[in-house]
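Asker: Top to bottom, those sequences are chains A and B. Taking our numbering, the leading residue of the first sequence gets 11, the next gets one more, and so forth. Taking our numbering, the leading residue of the second sequence gets 159, the next gets one more, and so forth. Here a beta-carbon is modelled for each residue, glycine too, at the ideal position from N, C-alpha and C. The structure's right below; bear with me while I get my questions together.
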Amino acid sequence: MSGPLLVVDGLTTEFPTRAGIVRAVREVSFHVEAGEILGLVGESGSGKSVTGFSILGLIDPPGRITGGSVRLAGRELVGLPARDLRAMRGREIAMVFQDPAATLNPVLRIGDQMALAIHAHETVGAAAARARVAEVLTLVGIPDAARRLDAYPHQFSGGMRQRVAIATALLNRPKLIICDEPTTALDVSVQAQILTEMRALARDTGTALIWISHDLATVSSLASRIIVMYAGRVIEEGPIRQVLSAPRHPYTRGLLDSLPAKAVAGKDLMQIPGAPPSMLALPPGCAFAPRCLRADAACDAEPTPTVAGDRRWRCHHPHAEPTS
Amino acid sequence: MLGFIIQRLLQAVVVMMIISVLVFCGVYAVGNPIDVLISPDATQQIREEAIRTYGLDQPLWKQYLDFVGRLVQGDFGRSFVFGSPVLPLILSRLPATLELTLVAVVGATLVGVPLGMYAGYKPDSLAARAIMGISILGFSVPTFWIGLVLIFIFAVQFGILPAGSRGETRELFGISWSVLTANGWQHLFLPALNLALFKFAMMVRLARAGTREIMLTDTVKFARAAGESEATILRRHVLRLIAIPIVTVFGLEFGSTLAFAVVTETIFSWPGVGKLIIDSINTLDRPVMVAYLMLVAFFFILINLTIDIVYVALDPRLRLRAAS
């Protein structure tokens with residue numbers, strides 16, 4: 011393989027609102043290797059979902075990508091005509107959303123709505139499409155799939171529904187699936203099952219995943235590399251173990267410290283003071299500075315990314331490298 | 159499902175009984191038919207004979223019981239004016255109204271729903287604004303005025319379409335239909351257009367509101383992420399999801415138009431039931447009024463039942479509830 015599967019470079023996505031322009035994604039750069047699972051974490055409003063939609067070219071007007079590039083296997087996706095983007099979606103990059111109860115069409119049979127995703131890309135007979143749908147449903151762990159093609163989404167449990175959504179994404183064997191919090195709406199035991207299965211699926215089919223989540227624990231059990239976003243920017247990136255054991259950015263550190271697993275029994279959970287800034291009134295310089303204990307006058311200037319090996323962070327006062 | 163239908167039919171019997179009492183009392187209160195039917199200079203003897211013949215000398219409850227007694231034998235009584243049995247009289251007028259109503263409501267739906275969906279899909283486009291403008295016109299301009307304008311333009315000024323009556327008819331199943339001849343269609347066009355305009359406006363608004371709402375849902379986003387084309391999304395996803403309110407309004411409009419196309423039928427001297435009921439009110443022809451109103455009630459019960467059955471066909475989520 012020559013070069014990474016997906017290269018996002020300086021991606022900026024803006025939404026004009028009545029109160030002003032919201033730059034939801036600001037100069038975001040990262041890459042995804044073929045077959046790799048990349049975790050993308052951040053709190054609500056940090057721009058992680060918008061990043062996913064920007065890659066697919068699915069930003070609803072009046073929002074639009076105002077800068078940067080997204081290259082899939084060397085091919086530029088930003089600025090492609092709508093027809094080419096549509097042909098790319100589902101076939102090369104697919105997406106799975108948070109709530110399967112909302113994504114699946116409640117009035118269409120599972121088999122029929124999944125077949126629509128096949129017919130979007132090739133001319134296949136109805137019987138062949140059904141066979142392929144059943145095959146992929148079996149792959150994602152739906153028992154007796156062939157007999158359940160005529161069922162409706164409401165006849166499935168939440169976990170089964172999300173498996174149907176994942177199967178829909180897998181139908182056209184895309185090289186990359188963007189998973190936007192696909193386990194958040196599920197209960198914990200089902201979450202664990204789906205995570206295990208997704209890891210196996212990605213490995214077996216060679217599909218790369220971008221796993222978007224606000225849950226560090228989920229991402230850490232799945233991804234090999236992680237990106238942390240704050241206020242529309244990537245503030246830290248690196249191999250998952252290194253980032254989790256020795257975060258360089260104070261925000262990542264704060265996230266890790268506030269994990270319930272780190273809490274001492276009987277004491278309050280740690281938390282990052284303050285609240286995320288309004289995207290309409292971002293502080294000058296580092297967006298995290300107002301909440302940061304290490305901030306000083308230098309932080310009024312936007313920090314540039316520091317690269318060290320395969321790690322990268324944006325901070326004037328990073329935590330020290332671990333002495334090992 | 160069968161149990162549901164039987165239950166509804168039993169309810170219908172109760173409703174019909176209540177309606178019959180209300181209608182009977184209401185019609186009784188409207189006025190004394192003898193004053194209209196018999197010339198003021200008739201002798202007292204003729205008057206009393208007529209009163210006895212029509213059974214008007216009996217107290218109201220006795221008249222009602224006699225009516226119900228005949229009704230259960232399928233006899234709605236005889237028209238005071240025509241002297242013939244009421245039911246065949248109404249049924250002979252019904253096909254004219256039925257075809258007018260069907261053409262108007264079906265036409266309004268077939269044109270209104272696609273236009274409304276377009277207006278909901280591209281709400282800011284010029285075409286959408288034009289469509290909404292026309293729909294406001296359809297809502298707010300009174301039917302009789304539009305009817306007169308249509309006659310003025312097409313019949314008087316250009317002389318391309320007839321101003322009234324049914325035109326040539328052809329027999330099918332022993333009933334005359336205008337829709338089976340070209341000349342009949344010429345006669346049908348203006349009154350149908352007149353009736354359809356309001357329904358068209360309603361369908362446009364419904365379809366637009368539904369489409370706007372559905373286009374923002376994750377179902378549509380997910381379908382787009384799978385690469386489905388906008389045409390597929392509108393046809394297969396959106397249309398199915400907005401079908402329920404449309405079917406409801408379709409049924410109710412169909413019923414009310416069938417019952418009360420009075421204004422249009424009068425303007426275009428269309429020999430339907432609407433004209434019959436107006437004439438019977440003028441002559442205080444009680445048996446016709448009673449039978450007609452009961453028939454209307456029966457239609458509405460039938461239509462509502464049909465709508466409920468169609469709901470279950472359209473929305474699989476209702477099937478579980480219907481079964482339990």
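Considering only residues of the stretch 65-96 of chain A, which uninterrupted beta strand (DSSP E) runs meet the minimum length of 3 residues and lie entirely inside it, listed in chain order?
Answerer: With a minimum length of 3 residues, the continuous beta strand (DSSP E) runs that stay inside the stretch 65-96 of chain A are 74-82.
Asker: Considering only the alpha carbon of each residue, which of 165/A, 243/A, 269/A, 327/A lies closest to residue 292/A?
Answerer: Start at 1 with the first residue of the first sequence, and residue 292/A comes out as number 282. Closest by alpha carbon: 243/A.
Asker: Between residue 477/B and residue 470/B, which are expected to be in contact by the criterion C-beta below 8 Å, what is the C-beta distance as a whole number of angstroms?
Answerer: For this step, residue 477/B is matched to residue 319 along the second sequence. For this step, residue 470/B is matched to residue 312 along the second sequence. Yes, they are in contact, since the Cβ atoms of residue 477/B and residue 470/B sit about 6 Å apart, within 8 Å.
Asker: In or out: residue 183/B buried (at least 16 other Cβ within 10 Å) or exposed?
Answerer: In the second sequence, counting from the first residue as 1, residue 183/B sits at position 25. Under this definition residue 183/B is an exposed residue.
Asker: Using only the alpha-carbon positions, how far apart do residue 269/A and residue 263/A sit?
Answerer: Stepping through the first sequence from its first residue, residue 269/A is reached at position 259. Stepping through the first sequence from its first residue, residue 263/A is reached at position 253. Spanning the two alpha carbons is a distance of roughly 10 Å.
Asker: Looking at chain E, which residues of the stretch 147-163 of chain A have a Cβ within less than 7 Å of any of its Cβ atoms?
Answerer: In summary, chain E is missing from the structure at hand, where the protein chains are A and B.
Asker: Which residues in the same chain have their Cβ closer than 8 Å to the Cβ of residue 189/B, if we skip the five residues on either side of it in sequence?
Answerer: The residue given as residue 189/B occupies position 31 in the second sequence. If we look at residue 189/B and ignore the five residues flanking it on each side, its Cβ neighbours are 442.
Asker: Of the residues that make up the stretch 395-406 of chain B, which ones have a beta carbon closer than 7 Å to any beta carbon in chain A?
Answerer: The stretch 395-406 of chain B vs chain A, Cβ under 7 Å: 395, 398, 399.
Asker: Short of 7 Å in beta carbon distance, which residues of its chain neighbour residue 181/B, apart from the five on each side in sequence? Order them along the chain.
Answerer: Stepping through the second sequence from its first residue, residue 181/B is reached at position 23. Here the set comprises 448, 451, 452.
Asker: For a quick check, are the C-beta atoms of residue 247/B and residue 237/B less than 9 Å apart?
Answerer: By 1-based counting over the second sequence, the position of residue 247/B is 89. By 1-based counting over the second sequence, the position of residue 237/B is 79. Result yes, Cβ atoms of residue 247/B and residue 237/B sit closer than 9 Å.
Asker: Determine which residues of the stretch 226-247 of chain B have a Cβ less than 8 Å from any Cβ of chain A, and write them out in chain order.
Answerer: Correct list: empty, as no residue qualifies.
Asker: Do the stretch 186-197 of chain A and the stretch 212-219 of chain A touch if we need at least three Cβ pairs shorter than 8 Å?
Answerer: Counting Cβ pairs under 8 Å, three or more are found: they touch.
Asker: Is it the case that the Cβ atoms of residue 294/A and residue 310/A are separated by a distance below 9 Å?
Answerer: Along the first sequence, one-based indexing puts residue 294/A at 284. Along the first sequence, one-based indexing puts residue 310/A at 300. Yes. Within cutoff.
Asker: In angstroms, rounded to a whole number, what distance separates the CA positions of residue 73/A and residue 48/A?
Answerer: Walking along the first sequence from the start, residue 73/A turns up at place 63. Walking along the first sequence from the start, residue 48/A turns up at place 38. About 26 Å.
Asker: So, for residue 482/B: in the same chain, excluding its five sequence neighbours on each side, which residues have a beta-carbon less than 8 Å away from its beta-carbon?
Answerer: For the purposes of this step, residue 482/B is taken as residue 324 along the second sequence, with counting starting at 1. A caution first: residue 482/B carries a pLDDT of 45, below 50, which makes its placement in the model unreliable, though a value can still be read off. Nothing listed; no residue qualifies.
Asker: Note the first and the last residue of the continuous beta strand (DSSP E) segment covering residue 105/A.
Answerer: Sequence index remark: in the first sequence, residue 105/A carries index 95 (1-based). Segment 103-106, the beta strand (DSSP E) holding residue 105/A.
Asker: Just to confirm, are residue 383/B and residue 179/A a CB contact at a threshold of 9 Å?
Answerer: In the second sequence, residue 383/B corresponds to position 225, counting from 1. In the first sequence, residue 179/A corresponds to position 169, counting from 1. Yes; because the gap between Cβ atoms is below 9 Å, this pair is in contact.
Asker: To which residues does DSSP link residue 190/A through a beta bridge?
Answerer: Taking the first sequence and counting its residues from 1, one reaches residue 190/A at position 180. Bridge partners of residue 190/A: 222/A.
Asker: Indicate the three-state DSSP secondary structure (helix, strand or coil) for residue 292/A in the structure shown.
Answerer: In the first sequence, residue 292/A corresponds to position 282, counting from 1. It is coil, neither helix nor strand.
Asker: Any beta-carbon of chain B closer than 9 Å to the one on residue 298/A?
Answerer: The sequence position of residue 298/A within the first sequence is 288, counting from 1. No, because no Cβ of chain B sits closer than 9 Å to the Cβ of residue 298/A.
Asker: Starting from residue 406/B and walking both ways along the beta strand (DSSP E), at which residues does that stretch end?
Answerer: On the second sequence, residue 406/B is found 248 positions in, with the first residue counted as 1. Unbroken run through residue 406/B is the alpha helix (DSSP H), 397-417; no beta strand (DSSP E).
Asker: In terms of residues, what are the limits of the alpha helix (DSSP H) holding residue 205/A?
Answerer: The count along the first sequence starts at 1 and reaches residue 205/A at position 195. Run containing residue 205/A: 198-215, per the alpha helix (DSSP H) assignment.
Asker: Report the CB separation of residue 319/B from residue 312/B in whole angstroms; it is logged as a contact under 8 Å.
Answerer: Numbered from its first residue, the second sequence carries residue 319/B at position 161. Numbered from its first residue, the second sequence carries residue 312/B at position 154. Contact flag correct, Cβ pair sits at about 4 Å.
Asker: Is it buried or exposed, residue 255/A, if we count other Cβ atoms within 10 angstroms and call 16 or more buried?
Answerer: Taking the first sequence and counting its residues from 1, one reaches residue 255/A at position 245. So residue 255/A ends up on the exposed side.
Asker: Using the C-alpha atoms, what's the distance from residue 424/B back to residue 292/B?
Answerer: Working through the second sequence from its first residue, we reach residue 292/B at position 134. Working through the second sequence from its first residue, we reach residue 424/B at position 266. Straight-line Cα distance between these residues: approximately 25 Å.
Asker: For residue 198/B, report the span of its alpha helix (DSSP H) as first-last.
Answerer: Here residue 198/B refers to the residue found at position 40 when the second sequence is read from its first residue. No alpha helix (DSSP H) holds residue 198/B; DSSP gives it neither H nor E.
Asker: Count Cβ pairs between the stretch 166-179 of chain A and the stretch 147-154 of chain A that sit closer than 8 Å; are there 3 or more?
Answerer: Segments in contact, yes.
Asker: Using 9 Å as the threshold, is the C-beta distance between residue 109/A and residue 195/A below it?
Answerer: Here residue 109/A refers to the residue found at position 99 of the first sequence. Here residue 195/A refers to the residue found at position 185 of the first sequence. Yes, these two residues count as a Cβ contact at 9 Å.
Asker: Evaluate residue 11/A with the Cβ neighbour count: other Cβ atoms within 10 Å of its Cβ, from every protein chain shown; 16 or more gives buried, anything less gives exposed.
Answerer: For this step, residue 11/A is matched to residue 1 along the first sequence. Residue confidence for residue 11/A is low, a pLDDT of 48 falling below 50, so the modelled location carries little weight and cannot support an answer.
Asker: Using only CA atoms, which one of 378/B, 398/B, 211/B, 422/B lies nearest to residue 113/A?
Answerer: Position 103 of the first sequence, counted from the start, is the residue given in the question as residue 113/A. For the residues 378/B, 398/B, 211/B, 422/B, the minimum Cα distance to residue 113/A belongs to 378/B.
Asker: The alpha helix (DSSP H) that contains residue 450/B, what's its start and end?
Answerer: By one-based count along the second sequence, residue 450/B stands at place 292. Per DSSP, residue 450/B belongs to the alpha helix (DSSP H) from 444-472.
Asker: List the endpoints of the continuous beta strand (DSSP E) containing residue 240/A.
Answerer: Locating residue 240/A in the first sequence gives position 230, counting from the first residue. Counting along the chain, the beta strand (DSSP E) containing residue 240/A begins and ends at 235-240.
Asker: Do residue 366/B and residue 232/B come within 9 Å of each other at the CB atom, strictly closer than that value?
Answerer: Taking the first residue of the second sequence as 1, we reach residue 232/B at position 74. Taking the first residue of the second sequence as 1, we reach residue 366/B at position 208. It is not a contact, given that the beta carbons lie outside the stated cut-off.
Asker: Please report the residue range of the beta strand (DSSP E) in which residue 110/A lies.
Answerer: To locate residue 110/A, count along the first sequence from 1; it is residue 100. Here residue 110/A belongs to no beta strand (DSSP E); instead the alpha helix (DSSP H) covers 110-113.
Asker: Classify residue 303/B as buried or exposed, calling it buried when 16 or more other Cβ atoms lie within 10 Å of its own Cβ.
Answerer: For this step, residue 303/B is matched to residue 145 along the second sequence. Exposed, by the Cβ-count rule.
Asker: Express the C-alpha separation of residue 265/A and residue 240/A in angstroms, rounding to a whole number.
Answerer: For the purposes of this step, residue 240/A is taken as residue 230 along the first sequence, with counting starting at 1. For the purposes of this step, residue 265/A is taken as residue 255 along the first sequence, with counting starting at 1. Near 11 Å, if we compare the C-alpha coordinates of residue 265/A and residue 240/A.
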